[in-house]
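Asks: Would you mind keeping the following structure in view while I ask a few things?
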Amino acid sequence: MKISTKGRYGLTIMIDLAKNEGNGPISLKVIAKDNDLSEHYLEQLASPLRNAGLIKSIRGAYGGYQLAKKPDEITAGDVIRVLEGPLTIVEGMENEKPAQASLWMQIRDAVKDVLEKTTLEDLANYDEGDNGPREAYMFYI
Numbered sequence: 001m002k003i004s005t006k007g008r009y010g011l012t013i014m015i016d017l018a019k020n021e022g023n024g025p026i027s028l029k030v031i032a033k034d035n036d037l038s039e040h041y042l043e044q045l046a047s048p049l050r051n052a053g054l055i056k057s058i059r060g061a062y063g064g065y066q067l068a069k070k071p072d073e074i075t076a077g078d079v080i081r082v083l084e085g086p087l088t089i090v091e092g093m094e095n096e097k098p099a100q101a102s103l104w105m106q107i108r109d110a111v112k113d114v115l116e117k118t119t120l121e122d123l124a125n126y127d128e129g130d131n132g133p134r135e136a137y138m139f140y141i
C-alpha cells in the first residue's frame, strides 16, 4: 500500500486545521504557503473532506476552513479513507496461499490499527522528541 500525495497533503491540511483549532478559520492559501504546496491542489482535496463532514468552509473576508469536529474525534484513518479509499495491501488475496493471505491481512490490520488510533490531536501535538531519532539501518557486507 502506498499513500499518495492526496493522502499526505490531505493530512497536512487537517493537521494545520487542528493546530489552529479555536482560532477561527484558516485559508488554504495560508496552509499552501506554510507547507510550500499548491493552493489549487489543496482546493481539490478540501472538497471531499468537506463532503465527508470532516471540515467546514466559512465564507467571507476572514473565511477559510476549520475542522467540523474536535481534533481528538478525527483519526488519520478517517482522512486517508476519504482521500485514498479503503486500505488494500494486496489485490486478489483470494488466490493466495493461506500463509501468505494471513500475512497480508496481518499487515493490513496493523496499518489500519495505527491509522485508527492516531487522532489529529495526536499529530498536531506531536513532539519530535516523542519517538526519539529515526532509526538508520546499517547493512554490512
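Here the sequence shown stands for residues 1 to 141, numbered as in my numbering.
Even glycine gets a Cβ: it sits at the ideal position worked out from N, Cα and C.
Please read these numbers as outputs of a predicted model, since none were measured by experiment.
Exposed or buried, residue 63, counting other C-beta atoms within 10 Å across all chains shown (16 or more means buried)?
Replies: Along the sequence shown, read from residue 1 onward, the residue named residue 63 stands at position 63. With fewer than 16 other Cβ atoms within 10 Å, it is exposed.
Asks: Is the segment 33-45 touching the segment 89-102 in the sense that three or more CB pairs, one from each, lie closer than 8 Å?
Replies: Touching, no, given that fewer than three Cβ pairs across the two stretches are closer than 8 Å.
Asks: Please state whether DSSP places residue 56 in a helix, a strand or coil.
Replies: Locating residue 56 in the sequence shown gives position 56, where the first residue counts as 1. Reduced to three states, the DSSP call for residue 56 is strand.
Asks: Is residue 5 near residue 35, with beta carbons less than 7 Å apart?
Replies: Translated into the one-based positions of the sequence shown, residue 5 becomes position 5. Translated into the one-based positions of the sequence shown, residue 35 becomes position 35. The answer is no: Cβ separation not under 7 Å.
Asks: Using only the alpha-carbon positions, how far apart do residue 70 and residue 23 sit?
Replies: By 1-based counting over the sequence shown, the position of residue 70 is 70. By 1-based counting over the sequence shown, the position of residue 23 is 23. Rounded to the nearest angstrom, the two C-alpha atoms are 13 Å apart.
Asks: Curious, which full-length alpha helix (DSSP H) runs of at least 4 residues does the segment 64-92 contain?
Replies: DSSP runs (the alpha helix (DSSP H)) wholly in the segment 64-92: 76-84.
Asks: When DSSP labels each residue in this structure, what does residue 12 get in the three-state scheme?
Replies: The residue given as residue 12 occupies position 12 in the sequence shown. Helix at residue 12.
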